[in-house]
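Please read the structure below before turning to the comments.
Protein chains: 2
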Amino acid sequence: MLPSPLSSQLLAAARGDIPADLVLRDGRVVNVFSGEIERADIAILGDRIAGVGPGYRGSEEIDLAGAYVGPGLIDAHVHVESSLCLPAQFAAAVVPRGVTTVVADPHEIANVAGAAGVRFMADAARGLPLRVILMAPSCVPATDMATAGAKLTAGDLQQLLSDGVVHGLAEVMNYPGVIAGDADVAAKTAAFRGRPIDGHAPAQVGRALNAYVAAGVGSDHECVTVEEAREKLSRGLYVLIREATNAHNLDALLPLVTPANDRRICFCTDDRQPADLLEQGSIDHMVRRAIEFGINPVTAFRMATLNSAEWFQLHDRGAIAPGRLADLMIFVDLAAPRARQVYVGGKPAAAFPDDTAIPDALTRSVNLDLERIDLRVPARSGRMRVIALRPDQLITDAVLVDPTIFEGHAIADPSRDLLKMAVIGRHAGNANRWGLGFVRGIGLTRGAIGGTVAHDHHNLVIIGCDDDSMRRVAGAIQRMGGGLCAAVGEQARALPLPVAGLMSDRPVREVRAMYGELLAFARELGSPLHDPFMAMSFLALEVIPSLKLTDRGLVDVDGFRLVDLFVD
Amino acid sequence: MLPSPLSSQLLAAARGDIPADLVLRDGRVVNVFSGEIERADIAILGDRIAGVGPGYRGSEEIDLAGAYVGPGLIDAHVHVESSLCLPAQFAAAVVPRGVTTVVADPHEIANVAGAAGVRFMADAARGLPLRVILMAPSCVPATDMATAGAKLTAGDLQQLLSDGVVHGLAEVMNYPGVIAGDADVAAKTAAFRGRPIDGHAPAQVGRALNAYVAAGVGSDHECVTVEEAREKLSRGLYVLIREATNAHNLDALLPLVTPANDRRICFCTDDRQPADLLEQGSIDHMVRRAIEFGINPVTAFRMATLNSAEWFQLHDRGAIAPGRLADLMIFVDLAAPRARQVYVGGKPAAAFPDDTAIPDALTRSVNLDLERIDLRVPARSGRMRVIALRPDQLITDAVLVDPTIFEGHAIADPSRDLLKMAVIGRHAGNANRWGLGFVRGIGLTRGAIGGTVAHDHHNLVIIGCDDDSMRRVAGAIQRMGGGLCAAVGEQARALPLPVAGLMSDRPVREVRAMYGELLAFARELGSPLHDPFMAMSFLALEVIPSLKLTDRGLVDVDGFRLVDLFVD
Numbered sequence: 000m001l002p003s004p005l006s007s008q009l010l011a012a013a014r015g016d017i018p019a020d021l022v023l024r025d026g027r028v029v030n031v032f033s034g035e036i037e038r039a040d041i042a043i044l045g046d047r048i049a050g051v052g053p054g055y056r057g058s059e060e061i062d063l064a065g066a067y068v069g070p071g072l073i074d075a076h077v078h079v080e081s082s083l084c085l086p087a088q089f090a091a092a093v094v095p096r097g098v099t100t101v102v103a104d105p106h107e108i109a110n111v112a113g114a115a116g117v118r119f120m121a122d123a124a125r126g127l128p129l130r131v132i133l134m135a136p137s138c139v140p141a142t143d144m145a146t147a148g149a150k151l152t153a154g155d156l157q158q159l160l161s162d163g164v165v166h167g168l169a170e171v172m173n174y175p176g177v178i179a180g181d182a183d184v185a186a187k188t189a190a191f192r193g194r195p196i197d198g199h200a201p202a203q204v205g206r207a208l209n210a211y212v213a214a215g216v217g218s219d220h221e222c223v224t225v226e227e228a229r230e231k232l233s234r235g236l237y238v239l240i241r242e243a244t245n246a247h248n249l250d251a252l253l254p255l256v257t258p259a260n261d262r263r264i265c266f267c268t269d270d271r272q273p274a275d276l277l278e279q280g281s282i283d284h285m286v287r288r289a290i291e292f293g294i295n296p297v298t299a300f301r302m303a304t305l306n307s308a309e310w311f312q313l314h315d316r317g318a319i320a321p322g323r324l325a326d327l328m329i330f331v332d333l334a335a336p337r338a339r340q341v342y343v344g345g346k347p348a349a350a351f352p353d354d355t356a357i358p359d360a361l362t363r364s365v366n367l368d369l370e371r372i373d374l375r376v377p378a379r380s381g382r383m384r385v386i387a388l389r390p391d392q393l394i395t396d397a398v399l400v401d402p403t404i405f406e407g408h409a410i411a412d413p414s415r416d417l418l419k420m421a422v423i424g425r426h427a428g429n430a431n432r433w434g435l436g437f438v439r440g441i442g443l444t445r446g447a448i449g450g451t452v453a454h455d456h457h458n459l460v461i462i463g464c465d466d467d468s469m470r471r472v473a474g475a476i477q478r479m480g481g482g483l484c485a486a487v488g489e490q491a492r493a494l495p496l497p498v499a500g501l502m503s504d505r506p507v508r509e510v511r512a513m514y515g516e517l518l519a520f521a522r523e524l525g526s527p528l529h530d531p532f533m534a535m536s537f538l539a540l541e542v543i544p545s546l547k548l549t550d551r552g553l554v555d556v557d558g559f560r561l562v563d564l565f566v567d
Numbered sequence: 000m001l002p003s004p005l006s007s008q009l010l011a012a013a014r015g016d017i018p019a020d021l022v023l024r025d026g027r028v029v030n031v032f033s034g035e036i037e038r039a040d041i042a043i044l045g046d047r048i049a050g051v052g053p054g055y056r057g058s059e060e061i062d063l064a065g066a067y068v069g070p071g072l073i074d075a076h077v078h079v080e081s082s083l084c085l086p087a088q089f090a091a092a093v094v095p096r097g098v099t100t101v102v103a104d105p106h107e108i109a110n111v112a113g114a115a116g117v118r119f120m121a122d123a124a125r126g127l128p129l130r131v132i133l134m135a136p137s138c139v140p141a142t143d144m145a146t147a148g149a150k151l152t153a154g155d156l157q158q159l160l161s162d163g164v165v166h167g168l169a170e171v172m173n174y175p176g177v178i179a180g181d182a183d184v185a186a187k188t189a190a191f192r193g194r195p196i197d198g199h200a201p202a203q204v205g206r207a208l209n210a211y212v213a214a215g216v217g218s219d220h221e222c223v224t225v226e227e228a229r230e231k232l233s234r235g236l237y238v239l240i241r242e243a244t245n246a247h248n249l250d251a252l253l254p255l256v257t258p259a260n261d262r263r264i265c266f267c268t269d270d271r272q273p274a275d276l277l278e279q280g281s282i283d284h285m286v287r288r289a290i291e292f293g294i295n296p297v298t299a300f301r302m303a304t305l306n307s308a309e310w311f312q313l314h315d316r317g318a319i320a321p322g323r324l325a326d327l328m329i330f331v332d333l334a335a336p337r338a339r340q341v342y343v344g345g346k347p348a349a350a351f352p353d354d355t356a357i358p359d360a361l362t363r364s365v366n367l368d369l370e371r372i373d374l375r376v377p378a379r380s381g382r383m384r385v386i387a388l389r390p391d392q393l394i395t396d397a398v399l400v401d402p403t404i405f406e407g408h409a410i411a412d413p414s415r416d417l418l419k420m421a422v423i424g425r426h427a428g429n430a431n432r433w434g435l436g437f438v439r440g441i442g443l444t445r446g447a448i449g450g451t452v453a454h455d456h457h458n459l460v461i462i463g464c465d466d467d468s469m470r471r472v473a474g475a476i477q478r479m480g481g482g483l484c485a486a487v488g489e490q491a492r493a494l495p496l497p498v499a500g501l502m503s504d505r506p507v508r509e510v511r512a513m514y515g516e517l518l519a520f521a522r523e524l525g526s527p528l529h530d531p532f533m534a535m536s537f538l539a540l541e542v543i544p545s546l547k548l549t550d551r552g553l554v555d556v557d558g559f560r561l562v563d564l565f566v567d
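Protein chains in written order, with numbering that gives the first Met the number 0: chain Z, 0 to 567; chain U, 0 to 567.
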């Protein structure tokens, strides 16, 4: 694993023939191989562990006085973009908590900027005290019923793999395509033969699941019940239990874990916002929760370390053992591990650089010609198909509603909880295309909200009580080069996300503070939701039932087709 | 894993859109993922499992009526040559017992015939109903204190890897070299970076073990105590528990296994002779023994299947799951699994071909010019260094003994249990070199025994009561082109091993019968040992203490040097 000179030095240090760089004395080592806590010294040379056990001397020696030492935690699946921060600031949030490796799917930025976006994430992660293992986004765009900023073919993904930018294939969300054996999907999985191929197969069981597994997919992080997870695990999938900001599966799935099956269960966060990262934490939060639930602490660590290392073939980490990376989490309470100190590659993780070079192209991702966009909806006879939110769910209902007509147009009518929604193309290829519709459940009573975070295509979504407020929001977001905004009259609050319209270039604590103000303002505008921006960000996602709106218009997801706003 | 057309057929079968080739109905499936026994149908298309569960139809359907179905067993480390049979006949012994994959180290034939020998084993294994995964022999020759028939450099091994002949690096026996960071050994491990590298580090613990692991070795099959195994496992090595003909570690190591550590414990047979294979079995014997000891049956299967598949990165087998190879062992008694039927690649394993093409070069491996070989030992003053067997051990003692002198020569003296031993070069490069010495503990009272199986260099070893019998044995073995022989006067019994002097070209049952007659005859000649030929085969192994004899002379293994027979 190491260049030869370093390797021979490492052996010399392991033998004790030369002093280690650092010896951590008298730790309680979380041994994920033996399943036990082992009182031992850890000798480190360079970025590697040289030896575990007695008899080492080091240039530096630190007495742990019996503190626990676990392997650095691994997040088995995360979209860094969902932190609204650049990788360096995402690292600043998670590394101090003990997370030293994340397996990241740059799916969001890829939908905006294609392979260049993926390469930017690789560049932005280089040199950080966080190991970011990038997976190739497998489904860009998600469908042809919306317009993303880019398309990634099997050839594009293969190029990223041969360039060493990506390690495996990220969640293959097009599970119907996998199961059906679609040529396009098959070409992508074929390109990653022998590499980890992550899955995403919500609610798939039985023969469909068999086909999904037979196609070569090896994991799933969409389980919501123990029954579903048990079947997936039994068919050979690694089950990545997810605890995201918008999807909480941990408590429901912890009863799945037994000593007989825990080796194939991992932890992941998928999508976590700054507030959750800073207040609850990341994978460390899941480890604590698992222990609190009654799972053996070493098992909890194993799900957060070795298991993910094995699934992703990252055999140089995930355990405290000779030759492995010296990524360590030191803590004092085995009942609720909280990092007191974190080592990454044998060095205390401290500085998180704030000088990511951002290519100009990524800061010019919002292409709007607002003059040409007409938000009016001419009235027609009949009722309208309206998107109805379900609280805390990504699934929507399609309801039929009589329009409120004013001067020949169907308009928003907050008194009926009927808001207008626009999805406006912001990519080079769809800058003059927009879809219009109505939504129920956001609950604004005045003004409008909008943002360039809109899964998966990340066009500009605006929801409002009147066209004027909607235009103000659009204008503000255009000027910021992307971001989230709420406005009414002259008042506005915003969170600029100038990097691809997805990420801030500010410190994570600032991002969180701005987001907090924005949410407070949205509440002032009448929305009762905890986070109307997040709810909004899924209303344009044309792969989750039942009714969604994209730049191409209303999508009947169940019928997998575009439909008219009005029903005669 | 599959070519695309087959893959799309497999998905169609998994979905249930086309009938499977075979459906095994109502089995009790040993699910190594969930750790449970699962009542289910198994649908098979081609050589793969299409699906597990209900709802499948097949061109052929077999009602298992509740019989158990386990994944085909994996032998994690075996020298096929030790069966004294060609791969086809080794397969005939082990496949009917449920072993469908063996990870084989062709170390013996490589010491005779080099890379050509390794390639022969690959050719001989092709098309068999046994998957033979070849590992590259890492230590050919073992030392320069004996002469092997070939030398394999790091470059040679790399060539075998890039040609797809080998899968990883076989047991790195030169553990002092690994630990010291010797350039030659390091070049070999470097060539196999990212591939499985098997270990062999008897009794190594502490810092030496740390160095061995840091060098990139990932397993060990030399553990003899639970303490040693526990430390190796804790440092990250897979522990391959061995139950060989000449090394029985299973009972001693079963107490190691706990639900917290069993995932990194595998089973292997290393060296098993025909009698053991045919009477006790192979890995199936270990599974039964483990269950009898009290280990959960699914865990026992897991150590014999999934664990090895994971260590060796053989992710297409080791479990009964969609997309994996349909290698199955059907049995009825979970308390003592014995294969009733074995499927390999979806087909019942039945025929074992007996037409292996053997290159002429391999049948001309015994190069002797007996006329030139002088077995006499001129008498000198002083006592002799004599090799003293320890019962059932590979370790010998060095004892100092007064010679029996006759007509100016030191001679064998059965009345004092003092037999003459000769190691005679039989390879092209050492055909005229021989070493002479004396041995105590073989116990012949008349005649001589000899053979071309002599670890690791496999020169001709002869032990006898008189030079005439020794010459008869040598002559017989020369005429057979290699093999084992015992002779006295005109009487002789032999087991011809014409393939590299290591393997018979006869059916395994015949080999066993001939071997049995040979052993009976050796007992008639006075040897009280269960198997004097096996004992003899280790007396020339210059890497195991304390005193050994090679074609270069007596080796003081502790001092790692050649020494004189006589001590002044």
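Beta carbons are placed, not taken as given, at the ideal position from N, Cα and C, and that holds for glycine. Keep in mind the model is a prediction, meaning the values are calculated, not measured.
* Separation of Z:Ala135 from Z:Met0, as counted between CA atoms -> Here Z:Met0 scores only 44 on pLDDT, less than 50, and its place in the model should not be relied on; the value that follows carries that caveat. About 23 Å.
* Asked: Given a limit of 8 Å on CB to CB distance, which residues of the region 246-258 of chain U reach chain Z?
  -> Thr257, Pro258
* **Length of the line joining the Cα atoms of Z:Ile568 and Z:Leu483** => Missing from the structure shown is residue 568 of chain Z; chain Z here goes from 0 to 567 and no further.
* Asked: Would a C-beta distance cut-off of 8 Å place U:Arg439 and U:Met144 closer than the cut-off?
  -> no
* Asked: Counting only beta-carbon atoms, is U:Phe32 nearer than 8 Å to chain Z?
  -> yes
* Below 6 Å CB to CB, which residues in the same chain sit around Z:Glu472 once its five sequence neighbours on both sides are set aside? => Residue 472 of chain Z is actually Val in this sequence, not Glu. Excluding positions up to five away in sequence, the list reads Ala447, Gly449, Ile461, Cys484, Ala486.
* Alpha carbon of U:Asp466 to alpha carbon of U:Leu374, nearest angstrom -> 7 Å
* Beta carbon of U:Leu546, beta carbon of U:Arg415: below 8 Å? -> no
* To do: Using a Cβ cut-off of 9 Å, pull out every chain Z residue sitting near U:Ala207, in sequence order please.
  => Ala13, Arg14
* **Straight-line Cα distance separating U:Ser468 from U:Glu489** => 9 Å
* Asked: Hey, out of Z:Phe191, Z:Leu255, Z:Cys267, whose CA is closest to Z:Val101's CA?
  -> Z:Cys267
* Asked: When Cβ atoms are compared, which residues of the region 226-245 of chain Z fall closer than 9 Å to chain U?
  -> Arg229, Glu230, Leu232, Ser233, Arg234, Gly235, Leu236
* To do: Check each candidate in Z:Ala493, Z:Gly57, Z:Ala421 and name the one with the smallest Cα separation from Z:Asn458.
  => Z:Ala421
* U:Asn260 versus chain Z: which residues are under 7 Å apart at the beta carbon? -> Phe32, Ser33, Gly34
* Just how far apart, CA to CA, sit U:Val79 and U:Met120? -> 9 Å
* **Within chain Z, partners of U:Val212 - CB distance below 7 Å** => Ala320, Pro321, Gly322
* Asked: Based on the DSSP secondary-structure assignment, which residues constitute the bridge partners of Z:Asp555?
  -> Z:Leu546, Z:Arg560
* First and last residue of the beta strand (DSSP E) that includes U:Lys150? -> Run containing U:Lys150: none; DSSP gives neither H nor E here.
* Excluding the 5 residues preceding and the 5 following Z:Pro2 in the sequence, name in chain order all residues of the same chain whose CB lies nearer than 7 Å to its CB. => In this predicted model, Z:Pro2 has a pLDDT of only 46, less than 50, meaning its place in the structure is not dependable; the value taken from the coordinates is given anyway. Result list for Z:Pro2: empty, nothing under 7 Å.
* To do: May I ask you to report which of helix, strand or coil DSSP gives U:His314?
  => coil
* Asked: Should Z:Val566 be labelled buried (16 or more other beta-carbon atoms within 10 Å of its own) or exposed?
  -> exposed
* **Local conformation of U:Met144 per DSSP, three classes** => coil
* Would you check if the region 337-352 of chain Z and the region 379-395 of chain Z touch, i.e. whether three or more CB-CB distances between them fall below 8 Å? => no
* Between the CA atoms of U:Val225 and U:Asp250 - distance to the nearest angstrom -> 10 Å
* So, helix, strand or coil for U:Arg14, using DSSP? -> helix
* Asked: Thinking just about the alpha-carbon of each residue, which of U:Gly52, U:Leu83, U:Leu255 is nearest to the one in U:Gly515?
  -> U:Leu83
* Taking contact to mean at least 3 C-beta pairs separated by less than 8 Å, is the region 364-372 of chain Z in contact with the region 424-442 of chain Z? -> yes
* To do: Determine contact between the region 316-328 of chain Z and the region 213-223 of chain U, defined as no fewer than three beta-carbon pairs at a distance below 8 Å.
  => yes
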